[in-house]
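By the count of our numbering, the sequence shown reaches residue 437 at its end, each step adding exactly one.
Don't be surprised by glycine CBs; every beta carbon is placed ideally from N, CA and C.
These numbers come from a predicted model, not from an experiment.
Heads up: the structure comes next, in structure tokens.
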Amino acid sequence: MTFSNDDRARLGLRESATFDRATIAGIQRAAETGVYDIRGWGAKRALPHFDDLLFLGASMSRYPLEGYRERCGTDVVLGGRNAKYPLHLDIPVTIAGMSFGALSGRAKEALGRGASEVGTSTTTGDGGMTPEERGQSKHLVYQYLPSRYGMNPDDLRKADAIEIVLGQGAKPGGGGMLLGQKISERVAGMRTLPQGIDQRSASRHPDWTGPDDLTIKILELREITDWEKPVYVKVGASRTYYDVKLAVHAGADVVVVDGMQGGTAATQDVFIEHVGIPTLAAVPQAVQALQELGVHRRADGVQLIVSGGIRTGADVAKALALGADAVAIGTAALVALGDNHPRWAAEYEKLGSAAGFYDDYQDGRDPAGISTQDPQLEQRLDPVEGGRRLANYLRVLTLEAQTIARACGKAHVRHLEPEDLVAVTIEAAAMARVPLAGTEWIPGRAF
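Written out as structure tokens, the structure is:
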């Protein structure tokens, strides 16, 4: 018998906050299968995020800029600390690393097309560099991961920057997964893996036994690329303050901090929901570390890229105001390409899901042709149209960030600062280290 909400109320039935229906279903599934749950996407639990912050727009004490007459810059230079050729980007929004394997070849091409159209960078992800992505990306960052899948010095030299990945926000301390149905003949060849067999990526680099090894590795990569390329270091947000300091001491030109709202192609659900810290809490810790080392917001300093749950131009502006130099988007970029679109509603229903809820990236059955290696499904994505959609979305993010910056009297989006922000919850105020709205109180700090 099925009860409606009215029936439950009439009978006095009350759902447990601890053992709710989703929790009970998870226990039953584990008991029946003996297998832990694996999924894609990112944390679904409610966490303090950028929505919990508000900007203090100009009124009397500040002078706003007129959007139709006064310029507000958006460009950013990444990697000027040591590299001969730092990246000069037109906007402070970049595309995060998402692998060929997790994504289709057409999706990687579309990401390159969209990013190039607006003058920003994209990133290879695990599994190596594809000709489609390199051919369509004006600025391409090559990820150097623990798995070393597809890694070769020639591709390092072809890239415009190198990103050493030590962790990911959705799974800091854990490796990724790629199920056998997504390991096609081409993916297997690029990764030197058996076709059709599940693979699990390593959680740490094979030649990594401590921070000192990172210094050696960065020097090796610089020598391979003649000191031309900026070297990024990416960490999953956990012990952010210390990780950022160690990355800077090791010689990183750019530090990427990925909060737990960041997505993943596939990993254990318990990782996604219970490991790491929110992006909002990680940014001030990273900024504090850079400031104490004297390398924050300096021409010869170390730039900070923040990722994990960036969705709107307001999110971009808030991350910059807290001290980031740029942000990276992953899940939002896939949605912009056409993922989770209502046009595929019937297809999602066949998978037991719905548009807006689909998170089975690991299964390779994406109706939109984005997170799949199925040739027929992949044909559904037009990389030219997908690139156009992504470029439109990136333009909107940038325009929204500019609108907010002008309202705060700033002539460049990176002129936004913490004093332009207040928080609407005590948790957000403490994490972001900005006052609770209407007060001068920052929780955890004495007046």
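DSSP-derived helix/strand/coil call for residue i
{"i": "residue 388", "result": "helix"}
{"i": "residue 334", "result": "helix"}
{"i": "residue 412", "result": "strand"}
{"i": "residue 380", "result": "helix"}
{"i": "residue 269", "result": "helix"}
{"i": "residue 85", "result": "strand"}
{"i": "residue 280", "result": "helix"}
{"i": "residue 208", "result": "helix"}
{"i": "residue 421", "result": "helix"}
{"i": "residue 142", "result": "coil"}
{"i": "residue 324", "result": "helix"}
{"i": "residue 375", "result": "helix"}
{"i": "residue 56", "result": "coil"}
{"i": "residue 185", "result": "coil"}
{"i": "residue 360", "result": "coil"}
{"i": "residue 397", "result": "helix"}
{"i": "residue 339", "result": "helix"}
Assigned exposure category for residue i - 16 Cβ within 10 Å defines buried
{"i": "residue 25", "result": "exposed"}
{"i": "residue 358", "result": "buried"}
{"i": "residue 366", "result": "exposed"}
{"i": "residue 288", "result": "exposed"}
{"i": "residue 47", "result": "exposed"}
{"i": "residue 142", "result": "exposed"}
{"i": "residue 370", "result": "buried"}
{"i": "residue 386", "result": "exposed"}
{"i": "residue 181", "result": "buried"}
{"i": "residue 330", "result": "buried"}
{"i": "residue 7", "result": "exposed"}
{"i": "residue 421", "result": "buried"}
{"i": "residue 124", "result": "buried"}
{"i": "residue 161", "result": "buried"}
{"i": "residue 255", "result": "buried"}
{"i": "residue 236", "result": "buried"}
{"i": "residue 1", "result": "exposed"}
{"i": "residue 110", "result": "buried"}
{"i": "residue 90", "result": "buried"}
{"i": "residue 264", "result": "exposed"}
{"i": "residue 248", "result": "buried"}
Where the beta strand (DSSP E) containing residue i begins and where it ends
{"i": "residue 106", "result": "No beta strand (DSSP E) holds residue 106; the alpha helix (DSSP H) holding it covers 95 to 107."}
{"i": "residue 29", "result": "28 to 31"}
{"i": "residue 43", "result": "43 to 45"}
{"i": "residue 130", "result": "129 to 134"}
{"i": "residue 113", "result": "111 to 113"}
{"i": "residue 292", "result": "Residue 292 -> no beta strand (DSSP E), and no H or E assigned at all."}
Counterpart residues of residue i in DSSP-defined beta bridges
{"i": "residue 155", "result": "224"}
{"i": "residue 297", "result": "248 and 318"}
{"i": "residue 453", "result": "The displayed coordinates of the chain run from -9 to 437. Any statement about residue 453 would go beyond what the structure contains."}
{"i": "residue 49", "result": "Residue 49 pairs with nothing; no bridge assigned."}
{"i": "residue 63", "result": "402"}
{"i": "residue 167", "result": "190"}
{"i": "residue 254", "result": "31"}
{"i": "residue 502", "result": "Within the shown structure, residues of the chain are numbered from -9 to 437, placing residue 502 beyond reach of any answer."}
{"i": "residue 215", "result": "Partner(s): none; residue 215 has no beta bridge."}
{"i": "residue 68", "result": "77"}
Endpoints, the alpha helix (DSSP H) within which residue i is located
{"i": "residue 75", "result": "Here residue 75 belongs to no alpha helix (DSSP H), and DSSP marks it neither H nor E."}
{"i": "residue 264", "result": "259 to 264"}
{"i": "residue 232", "result": "230 to 240"}
{"i": "residue 177", "result": "175 to 181"}
{"i": "residue 23", "result": "11 to 23"}
{"i": "residue 125", "result": "121 to 126"}
{"i": "residue 365", "result": "365 to 368"}
{"i": "residue 304", "result": "303 to 311"}
{"i": "residue 4", "result": "No alpha helix (DSSP H) holds residue 4; DSSP gives it neither H nor E."}
beta-carbon residue i near the ligand ZN non-hydrogen atom, thresh 7 Å
{"i": "residue 83", "result": "In terms of ligand content, the structure shown is empty, and the ligand ZN therefore cannot be addressed."}
Short CB-CB distance (under 8 Å) between residue i and chain B
{"i": "residue 286", "result": "In the structure shown, chain B does not exist; there is a single protein chain."}
### Query
Hey, is the region 344 to 356 in contact with the region 30 to 46, meaning 3+ C-beta pairs nearer than 8 Å?
yes
### Message
I'd like to know if the region 95 to 105 and the region 311 to 329 are in contact, where contact means that at least 3 CB-CB pairs between them fall below 8 Å.
### Response
yes
### Query
Taking three-plus beta-carbon pairs below 8 Å as touching, is the region 234 to 246 in contact with the region 63 to 78?
yes
### Task
Check whether the region 402 to 410 touches the region 131 to 143, counting contact only when three or more Cβ pairs, one atom from each stretch, lie closer than 8 Å.
no
### Query
Is it true that the region 421 to 435 meets the region 87 to 101, where meeting means three or more beta-carbon pairs spaced less than 8 Å apart?
no
### Task
Determine, using beta-carbon pairs with one atom in the region 304 to 315 and one in the region 31 to 45, whether at least three such pairs fall under 8 Å.
yes
### Message
Within 8 Å, do at least three Cβ pairs link the region 269 to 282 to the region 225 to 234?
### Response
yes
### Query
When the Cβ atoms of the region 216 to 223 are set against those of the region 48 to 62, are three or more pairs found closer than 8 Å?
no
### Query
Are the region 138 to 156 and the region 199 to 217 in contact at 8 Å, needing three or more beta carbon pairs?
yes
### Cβ contact (3+ pairs, closer than 8 Å) linking the region 284 to 301 and the region 182 to 192
no
#### Entry: Stretch-stretch touch, CB-based, cutoff 8 Å, three pairs: the region 311 to 320 with the region -3 to 17
no
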